[in-house]
Each structure stands twice: as structure tokens, then as C-alpha cells.
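**Student:** A single structure is presented below for examination.
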Amino acid sequence: MTLQPLNNTHIIELMSWFNNQNETAQWAGPYFRYPFTKKTFIEDLNLDDSASFVLVGQQNILLAFGQYYQRKNKCHLARLVVNPIYRGEGIAATLIKELCKHGQLNLNVTDSSLFVYENNLAAVLAYKKLGFIVAANQEKSSLPDNCVYMVKAINYV
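In my numbering, the protein residues as written are -17 to 139.
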């Protein structure tokens, strides 16, 4: 598996991974439009503000997608998703480790963070297995009630 920058050919396939508003909001947050078009999907990805990557397997199979940007001197992960066909195979762990490694080097930071809906139990468990812990978030009022902030310090991958 290799981490590669997102390109236009990946976007159409990525769009096919979401079949309803709930799936889209669970992945991208409450402000990501659904139903989406290619144009609105690209706009809502905020590609100018986030580094966007895909995890690609053998035969160029698109396995996962994720973004990062700097937030509060951390590599903040966003919009992490594994191709529905390949969920449960440990791909999320590889994606997260690679994004953190790349992001921490690129942003010159040592820690990582992310937001997750606490009812997304599979994601919360995956993040905890990688050493992320729930932390206080001073901007709680700007987030949905069931969203938690998780952080991971250096030396976790």
C-alpha cells in the first residue's frame, strides 16, 4: 500500500463510497452537502486548505482517503475513510499512520489530532488502538454535541 496525493481520477470513485446523507455527514461533518455533485464534492473537500491523500493497493485499487492540516500546532486528520469493500482489514491503521508521519514531517509538528463522532464506534476504537485519547476541546460550541476531540502525542507509530 502506498500513500499518494489525491487526483481527479480518485474523486469519482471516492464519491461512490457514500450512499446517503448520514454516511456523508458521519465521514465529512454536518456541513458537507448531500446530495452532492462532483463540483460540490470538490468544493466541500476544501482542497486548498488541506493536504489530501489516498492509500492505493495492488493494481492501483483505491483503498482509503484522508486529509490533514495544521490545527493548534498539531497534524489534524480529517475526512478519513476506507473503501467499503475493504473495511475491517486494518487499512485504517495504515492510512492513519502514513498520514500522521507525512503530516508531522511536512508541518514540522510532533502531535496529531482529529474529531470523531462518538457514536462511530468502529472509528473511535481504531483511533484508541493507535494511541489517540479523548481530550478537552475549547471550541466545543462550534461542533455537534456528539463530536469528540482526540489527540495523539509523538512516538505512536
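Quick reminder that beta carbons are idealized off the backbone N, C-alpha and C, glycines included.
None of these values were measured; they are calculated from a predicted model.
Identify the residues that DSSP records as bridge partners of L37: which are they?
**Tutor:** The partner list for L37 (beta bridge, DSSP) reads L(-15) and A46.
**Student:** Rounded to whole angstroms, what's the CA-CA distance from Y68 to L45? Just pull it up for me.
**Tutor:** Taking the straight line from one Cα to the other gives about 7 Å.
**Student:** Taking only beta-carbon atoms, is Y13 less than 9 Å away from chain C?
**Tutor:** Included in the structure is just one protein chain, with no chain C present.
**Student:** Could you check if G85 is buried or exposed, using at least 16 other CB atoms within 10 Å of its CB as the buried criterion?
**Tutor:** buried
**Student:** So the alpha helix (DSSP H) K110 belongs to, where does it begin and stop?
**Tutor:** L103 to K111
**Student:** With DSSP as the reference, please indicate the residues paired to A60 in a beta bridge.
**Tutor:** Q49
**Student:** Which residue marks the beginning of the beta strand (DSSP E) containing I115, and which one marks its end?
**Tutor:** I115 to A117
**Student:** On the CB-based measure, 16 or more other CB atoms within 10 Å of its CB, does Q(-14) come out buried or exposed?
**Tutor:** Flag for Q(-14) reads exposed.
**Student:** Could you check what DSSP says for S124 in three-state terms: helix, strand or coil?
**Tutor:** helix
**Student:** Might you give, ordered along the chain, the residues of its own chain that have their beta carbon closer than 6 Å to the beta carbon of Y109, omitting 5 neighbours on each side?
**Tutor:** M132
**Student:** Taking its Cβ as the centre, do 16 or more other Cβ atoms sit within 10 Å of A60, making it buried, or is it exposed?
**Tutor:** Buried, by the Cβ-count rule.
**Student:** Tell me the rounded alpha-carbon separation between K134 and A33.
**Tutor:** 19 Å
**Student:** Could you say which of L37, G11 and Q40 lies nearest to N28 if we only look at CA atoms?
**Tutor:** G11
**Student:** Using the beta-carbon count (16 or more within 10 Å), is T19 buried or exposed?
**Tutor:** exposed
**Student:** Alpha carbons only, please: which of V63, K111 and L81 is nearest the one belonging to F0?
**Tutor:** V63
**Student:** How would you call A74, buried or exposed, if buried means at least 16 neighbouring beta carbons within 10 angstroms?
**Tutor:** buried
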